[in-house]
Amino acid sequence: MKTKSVIVAGSLLLCLNQFAYAAGSLCSKNETTYFACTTKAGKVISLCGKVFETDQRGERVGASDPWLQYRFGTPASVELTFPRSKANSIDVFKTEKIRAQGGLAHIDAVVFVSGGIGYSVESVASAEGELHQGVTVGDPKSFGMERSGKHREQYPDARILCAGAADTKNFFDLVEELDLR
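Numbering (mature numbering (1 follows the signal peptide of the UniProt record, and there is no 0)), first residue to last: -22 to -1, 1 to 159.
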């Protein structure tokens, strides 16, 4: 009986671990984290998915069934997952990539519209070396996106900044990959 209990407990831990989040992220351990950070309010901003893979030579290759999701909240309570379905989700995301002042200043962003509200997950570096990362929320037109369905007429842009440096290990490759689509 003791052996059965150990096996059942081990199986449950294995199942729970499969859905456990990577540290500082709302992406599970078997998903690629493209962007993740914690805000001053303790919320987590994450872009999770499988857009490309790395082959044996270290080269990027497209995933056979690419998908991407934005997640916001805490590990205990994810407040927003967009889009809900992973199928064809890659098609609702666009990129913004701006270089200025001889490349010293740059903006890399993944943008989308959900519920008539525009979102821009971004990494912004100023020419002075200041780094601002997080999500800006506001009018879709502010991000070069079309309004569709319901929208709010007066929605001021709001910026939710990361409390520290974001995990962007795969973010810039994601922006590049989405820009090629």
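Cβ atoms here follow ideal geometry from the backbone N, Cα and C, with glycine treated the same way.
Predicted, not measured: the structure shown is a model, and the values here were computed from it.
Presumed contact (8 Å Cβ cut-off) between Leu4 and Val88, rounded CB distance: Residue numbering aside, residue 4 sits at position 26 when the sequence shown is read from its first letter. Residue numbering aside, residue 88 sits at position 110 when the sequence shown is read from its first letter. With a Cβ gap of about 15 Å, Leu4 and Val88 do not count as contacting.
Same chain only: Cβ atoms within 7 Å of Thr32, ignoring 5 sequence neighbours per side: Stepping through the sequence shown from its first residue, residue 32 is reached at position 54. The answer, listed in chain order, is Arg38.
Where does the unbroken alpha helix (DSSP H) through Glu74 begin, and where does it stop? On the sequence shown, position 96 is the one that residue 74 refers to. Careful: Glu74 lies outside any alpha helix (DSSP H), inside the beta strand (DSSP E) at 72 to 78.
Classification of Gly107 by the beta-carbon crowding that lies within 10 angstroms, buried from 16 upward: The count along the sequence shown starts at 1 and reaches residue 107 at position 129. When all chains shown are included, Gly107 counts as exposed.
Just to confirm the assignment, what range does the beta strand (DSSP E) spanning Asp86 have? The residue you call residue 86 lines up with position 108 of the sequence shown. 83 to 92 is the extent of the beta strand (DSSP E) around Asp86.
Residue ranges of each beta strand (DSSP E) run of no fewer than 3 residues wholly in the region 15 to 61, ordered along the chain? 22 to 32, 38 to 52, 55 to 60
Let's test the definition: count the other Cβ atoms within 10 Å of the Cβ of Arg49 and tell me whether it reaches 16, buried, or not, exposed. The sequence position of residue 49 within the sequence shown is 71, counting from 1. Arg49 is buried by the Cβ-count criterion.
Sufficient close CB pairs (3 or more, under 8 Å) joining the region 132 to 147 to the region 110 to 124: yes
Determine the DSSP secondary structure at Ser3, reduced to helix, strand or coil. Working through the sequence shown from its first residue, we reach residue 3 at position 25. Of the three classes helix, strand and coil, the one that applies to Ser3 here is coil, per DSSP.
Below 7 Å between beta carbons: does that hold for Leu152 and Val29? Working through the sequence shown from its first residue, we reach residue 152 at position 174. Working through the sequence shown from its first residue, we reach residue 29 at position 51. It is a contact, given that the beta carbons lie within the stated cut-off.
For Leu158, count the other beta carbons within 10 Å of its own beta carbon; 16 or more makes it buried, fewer makes it exposed. Which is it? Indexing the sequence shown from 1 puts residue 158 at position 180. Flag for Leu158 reads exposed.
DSSP puts Ile138 in a beta bridge; with which residues? If you number the sequence shown from 1, residue 138 lands on position 160. For Ile138, which the question treats as bridged, DSSP gives the partners Val113.
Are the Cβ atoms of Asn148 and Tyr(-2) separated by less than 7 Å? Locating residue 148 in the sequence shown gives position 170, where the first residue counts as 1. Locating residue -2 in the sequence shown gives position 21, where the first residue counts as 1. The answer is no: Cβ separation not under 7 Å.
Output needed for Ile68: all residues of its chain with C-beta closer than 7 Å, excluding positions within five of it in sequence on either side, in chain order. Here residue 68 corresponds to residue number 90 of the sequence shown, with the count starting at 1. Within the same chain, Ile68 has close Cβ partners Val29, Pro44, Trp45, Leu46.
Cβ shell of Arg62 (< 8 Å), same chain only, five flanking positions each side left out: Position 84 of the sequence shown, counted from the first residue, corresponds to residue 62. Result list for Arg62: empty, nothing under 8 Å.
What is the residue span of the beta strand (DSSP E) that Glu100 lies within? Position 122 of the sequence shown, counted from the start, is the residue given in the question as residue 100. Note, Glu100: beta strand (DSSP E), 95 to 103.
Could you compute how far the alpha carbon of Ala143 sits from the alpha carbon of Cys15? Stepping through the sequence shown from its first residue, residue 143 is reached at position 165. Stepping through the sequence shown from its first residue, residue 15 is reached at position 37. The alpha-carbon atoms of Ala143 and Cys15 are separated by roughly 7 Å.
So Asp145 is in the alpha helix (DSSP H); what residue range does that whole segment cover? Taking the first residue of the sequence shown as position 1, residue 145 is located at position 167. Run containing Asp145: none; DSSP gives neither H nor E here.
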